[in-house]
Amino acid sequence: MERKHPHMDRIMRVIDYIHANADQDLSLDQLADVAAMSRFHWQKVFSAIMGASPAATIRSVRMHKASMLLVRTDMPVPQIAVRVGYDNDRSFARTFKDSYGVTPAAFRKRGQTADHRGPIQGHSLMFEVTTKEVPDMRLAALSHRGDYAEGSACYQKVSTIMSTGNHWPHTGGMAGVYYDDPSTTPIDDLRSHAGVIWNGADIPDGLEDVALAGGNYAILHFKGPYSGLVSAYRFLYGDWLAGSQAELRDAPSFEVYLNDPTNTAPDDLRTDIYMPLAG
């Protein structure tokens, strides 16, 4: 029988707290209280399980939220800084540049990174798309309801379960399934699953078994920050689909994440978007 790490639930509480309170002063003592653990030991336990320190995790969550706000809203940069826990917008700008390689204003201006752009036709970005037959797969996942951009807490929780249970050898990478169109579905009603491609036998305790039907897929190969994925979807379901004359199959699209955002520069992140095709 699988044995759960004795401190996993405590770390899960801290993950939830960081994501829900990214705009607050998240002191290490405060997080120790959330974890209900000794201040002498909880940081070591957190770092060992998460593979990153609490400070690095907080910074990563805040910068991800900031990148989404920069791309998806017209909110002034000083206001975004406050929304992600920085009273000083200069300190925010410095941290953002350390993470993304450009200032917040420059990141907003270009919208996406130049690295993942191909030839320009009119005002449309071009992306590499291939088609292939994909076998049936299954995910070990957590469900999420609400803004897709806020699903990152689920991925961190899944990673925690994988690490504490020594399950990584049975996985084929992180993946996410997205069931609703954010342009037509109220943000609070968006449904998704965040998990790992599971190649083992029984799904680990605490995770759902999610079936992904095999078949023909168009796969868009994206390089850059996750905040740029909206443009990739627009191209795949717009220009590429119209040009290919392909028919869609009644199944959800999903994403496979090919590297780890905790140790990969945002410009170097690689994501494959799978769009199901008929025939």
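The opening residue of the sequence shown carries number 960 in our numbering; numbering runs sequentially from there.
Backbone N, C-alpha and C define an ideal beta-carbon position, used for all residues, glycine too.
For D1231, the pairing in a beta bridge is given by DSSP as H1180 and V1215. A Cβ-Cβ distance of about 6 Å is found for the pair D1231 and H1180, placing them in contact under the 8 Å criterion. Cβ neighbours of Y976 within its own chain (closer than 6 Å, five residues either side excluded): V993.
Beyond the five residues adjoining it in sequence on each side, A1172 comes within less than 8 Å, by CB distance, of D1095, A1210 and P1235 in the same chain, given in chain order. DSSP, read as helix, strand or coil, puts E1109 in helix.
By the CB criterion at 8 Å, A1134 and G1154 fall inside the cutoff. The Cβ atoms of Y1137 and S1190 do not sit closer than 8 Å to each other.
One thing to note: I1017 has its Cβ no nearer than 8 Å to the Cβ of K1116.
Here T1130 is bridged, per DSSP, to W1157. With a beta-carbon spacing of about 6 Å, L1166 and A1100 fall inside the 8 Å limit used to define contacts.
Taking a cut-off of 8 Å on C-beta distances, the segment 1050–1066 touches the segment 1007–1022, as three or more cross pairs fall below it. At the C-beta level, G1132 and I1162 stay beyond 8 Å of one another. Here G1060 is exposed: its Cβ has fewer than 16 other Cβ atoms, across all protein chains shown, within 10 Å. A straight-line Cα-Cα distance of about 19 Å links G1070 and P1220. Remark: C-beta atoms of D1168 and R1229 do not approach each other more closely than 8 Å. Taking C-beta separations shorter than 6 Å and ignoring five residues to either side along the sequence, the partners of V1088 in its chain run A1177, L1179 and W1199, following chain order. Bounds of the beta strand (DSSP E) holding S1102 are M1096 to R1104. Under DSSP, T1089 takes part in a beta bridge, and its partners are I1178. Taking all protein chains in view, the Cβ of P1145 is surrounded by fewer than 16 other Cβ atoms within 10 Å, so the residue is classified as exposed. The criterion of a C-beta distance shorter than 8 Å is satisfied by S1186 and S1026. For T1143, the number of other beta carbons within 10 angstroms of its own is below 16, and it is reported as exposed.
Counting only runs that start and end inside the segment 1012–1075, the alpha helix (DSSP H) elements of at least 4 residues fall at 1013–1031, 1036–1042, 1048–1059 and 1063–1069.
Distance from the Cα of R969 is smallest, within the candidate group Q1002, L985 and Q983, for Q1002.
Rounded to the nearest whole angstrom, the C-alpha separation of N1218 and L1195 is 21 Å. Restricting attention to D1140, P1225 and H966, the CA atom closest to the CA of G1105 is found in D1140. L1200: not part of any beta strand (DSSP E); member of the alpha helix (DSSP H) spanning L1200 to S1203, first to last residue. The alpha-carbon separation between R1031 and M1085 amounts to approximately 20 Å.
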